[in-house]
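Residue numbers for the sequence shown follow the working numbering, beginning at 68 and rising by one.
Note that the Cβ used here is the ideal one computed from N, Cα and C, for glycine as well.
Here the structure is laid out as structure tokens; the discussion comes afterwards.
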Amino acid sequence: MDVLYEDERIIVVDKPHFLATMPRGMWYRQTALIRLRERLGEPDITPAHRLDRMTAGVLVFVRDPACRGAYQMLFQNRLAVKVYECLAPCRPIVRPRYGTVTRIDPPRPFPLLRRSHIVKERGVLAAFETPGLVNAETLIERGEPVSPFPGVKPCMPMAGGPRPSAVPVCRYTLRPHTGKTHQLRVHMNALGLPIVGDDFYPCIQARRYDDFSQPLQLVARVLWFTDPVTGQEREFVSRQPLLI
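Here you go:
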């Protein structure tokens with residue numbers, strides 16, 4: 068892992084795809100937390116927040132136990148601003164079954180605000196949307212097409228065979244206002260724009276645990292916040308590429 072910044076209180080890393088934030092299930096040593104603890108010989112290092120194993124990008128760890136609560140509350144209270152980038156199909160959106168879609172600058176389709184109620188049940192791999200009070204909100208902007216890659220069809224395995232012909236792929240910027248599990252993946256899929264490489268949405272695909280051939284094309288690109296200890300403005304930018 069590349070270290071983007073460190074001082075006596077925090078370490079900010081650029082987490083790659085396929086690396087869990089902290090031990091869970093079968094993942095222990097191959098996690099960002101244990102790698103940092105072993106590399107630096109600091110057993111008190113703790114994550115201030117988390118990224119999914121499949122999501123790459125900016126991740127903050129706290130090395131000073133006395134400051135742990137201050138940085139963790141920064142994320143729990145949604146005081147840190149996060150900007151993600153992803154690759155997904157370039158095509159018109161579909162109307163989601165649940166929740167709302169609000170165009171910010173009509174009649175332009177983007178940017179749009181996606182709001183819904185997301186549920187993640189323990190023991191169930193994928194999250195899902197249901198009717199109910201909104202608990203997940205994402206601002207979505209569409210950028211330029213990514214050329215020359217032609218795209219992929221959902222649930223079509225790519226390893227060992229030719230890439231299927233499909234719609235072009237665009238770069239999207241995602242600004243979550245909340246932090247529900249798999250929120251960005253669920254919101255993009257509900258719009259008919261599943262993120263390239265997603266093995267859960269729209270359908271779960273069985274892959275070997277050591278198959279790294281199809282990374283989820285989602286990166287936590289920018290993170291900024293006011294440091295709760297020093298009062299300084301902090302901004303960190305991931306260098307992880309979005310590549311197929």
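Exercise. In terms of residues, what are the limits of the beta strand (DSSP E) holding residue 116?
Worked result: Position 49 of the sequence shown, counting from 1, holds the residue named residue 116. Going by DSSP, residue 116 is part of no beta strand (DSSP E) at all; its letter is neither H nor E.
For this session: Within its chain, find whatever has a CB closer than 6 Å to the CB of residue 117; leave out the 5 residues flanking it on each side and keep chain order.
Result: Position 50 of the sequence shown holds residue 117. If you ignore the 5 residues before and after residue 117, its C-beta comes within less than 6 Å of the C-beta of 88, all in its own chain and listed in chain order.
Exercise. Which of the three DSSP states, helix, strand or coil, is assigned to residue 164?
Worked result: Start at 1 with the first residue of the sequence shown, and residue 164 comes out as number 97. Correct three-state label for residue 164: coil.
Exercise. Taking the continuous alpha helix (DSSP H) assigned at residue 254, which residues delimit it?
Worked result: Counting from 1 along the sequence shown, the entry for residue 254 is found at position 187. Segment 250-257, the alpha helix (DSSP H) holding residue 254.
Problem set entry | Buried or exposed by the 16-neighbour rule on C-beta atoms within 10 Å, applied to residue 283 | Counting from 1 along the sequence shown, the entry for residue 283 is found at position 216. Buried, since its Cβ has 16 or more Cβ neighbours within 10 Å.
For this session: Work out the CA separation of residue 76 and residue 246 for me, nearest whole Å.
Result: Against the sequence shown, residue 246 aligns to sequence position 179. Against the sequence shown, residue 76 aligns to sequence position 9. So the alpha carbons of these two residues sit roughly 24 Å apart.
Problem set entry | Boundaries (first-last residue) of the beta strand (DSSP E) holding residue 203 | If you number the sequence shown from 1, residue 203 lands on position 136. Unbroken beta strand (DSSP E) run through residue 203: 203-213.
Problem set entry | residue 194 and residue 262 closer than 8 Å at C-beta | On the sequence shown, position 127 is the one that residue 194 refers to. On the sequence shown, position 195 is the one that residue 262 refers to. No, Cβ-Cβ distance for residue 194 and residue 262 is not below 8 Å.
Exercise. Thinking C-alpha only, which one of 127, 167, 301 and 286 is nearest residue 375?
Worked result: With the chain running from 68 to 311 in the structure shown, residue 375 is simply not present.
Exercise. With 16 as the cutoff for other CB atoms within 10 Å, does residue 271 come out buried or exposed?
Worked result: For this step, residue 271 is matched to residue 204 along the sequence shown. Burial call: exposed.
Exercise. What residue does the beta strand (DSSP E) around residue 123 start on, and which one ends it?
Worked result: Residue numbering aside, residue 123 sits at position 56 when the sequence shown is read from its first letter. For residue 123, the enclosing beta strand (DSSP E) starts and ends at 123-129.
Problem set entry | Meets three-Cβ-pair contact criterion under 8 Å: the stretch 266-281 and the stretch 154-172 | no
Exercise. Can you give the Cα-Cα distance for residue 288 and residue 136, rounded to whole angstroms?
Worked result: In the sequence shown, the residue the question calls residue 288 occupies position 221. In the sequence shown, the residue the question calls residue 136 occupies position 69. Distance between residue 288 and residue 136, taken at the CA atoms: about 24 Å.
Exercise. Residue 181 lies in the beta strand (DSSP E); which residues open and close that run?
Worked result: For the purposes of this step, residue 181 is taken as the residue at position 114 of the sequence shown. Its beta strand (DSSP E) spans residues 179-186.
Exercise. Is residue 171 helix, strand or coil by DSSP?
Worked result: Mapped onto the sequence shown, residue 171 falls at position 104. Coil.
For this session: Would you list the one or two residues that DSSP bridges to residue 302?
Result: Here residue 302 refers to the residue found at position 235 of the sequence shown. Per DSSP, the beta bridge partners of residue 302 are 291.
Problem set entry | Contacts around residue 204, its chain only, beta-carbon distance under 6 Å, and the 5 residues preceding and following it disregarded | Here residue 204 refers to the residue found at position 137 when the sequence shown is read from its first residue. Correct list, in chain order: 182, 244 and 245.
Exercise. To which residues of the same chain is residue 198 closer than 8 Å at the C-beta, ignoring the five residues directly before and after it?
Worked result: Stepping through the sequence shown from its first residue, residue 198 is reached at position 131. 165 and 184, listed in sequence order.
Problem set entry | Same chain, Cβ closer than 8 Å to residue 228, neighbours up to 5 away in sequence not counted | Locating residue 228 in the sequence shown gives position 161, counting from the first residue. Interpretation of residue 228 is limited by its pLDDT of 36, a score under 50 that renders its predicted location unreliable; the figure taken from the coordinates is listed afterwards. Excluding positions up to five away in sequence, the list is empty.
Problem set entry | Under 8 Å between C-beta atoms of residue 128 and residue 80 | Position 61 of the sequence shown, counted from the start, is the residue given in the question as residue 128. Position 13 of the sequence shown, counted from the start, is the residue given in the question as residue 80. It is a contact, given that the beta carbons lie within the stated cut-off.
For this session: Along the alpha helix (DSSP H) that carries residue 103, what are the first and last residues, could you check?
Result: Residue mapping note: residue 103 aligns to position 36 of the sequence shown, counting from 1. Per DSSP, residue 103 belongs to the alpha helix (DSSP H) from 99-107.
Exercise. Could you give the residue range of the alpha helix (DSSP H) that holds residue 135?
Worked result: For this step, residue 135 is matched to residue 68 along the sequence shown. 135-143 is the extent of the alpha helix (DSSP H) around residue 135.
Exercise. For residue 156, which three-state DSSP category applies?
Worked result: Start at 1 with the first residue of the sequence shown, and residue 156 comes out as number 89. Reduced to three states, the DSSP call for residue 156 is strand.
For this session: Just tell me which of 250, 178, 98 and 130 has its CA closest to the CA of residue 186.
Result: Here residue 186 is taken as the residue at index 119 of the sequence shown, counted from 1. Ranking 250, 178, 98 and 130 by Cα distance to residue 186 puts 250 first.
Exercise. Which residue or residues does DSSP assign as beta-bridge partners of residue 279?
Worked result: Here residue 279 refers to the residue found at position 212 when the sequence shown is read from its first residue. Note: residue 279 sits in no beta bridge, so no partner.
Problem set entry | Member of 130, 159, 98 and 292 whose CA lies at the smallest distance from the CA of residue 257 | By 1-based counting over the sequence shown, the position of residue 257 is 190. Closest by C-alpha distance to residue 257, out of 130, 159, 98 and 292, is 159.
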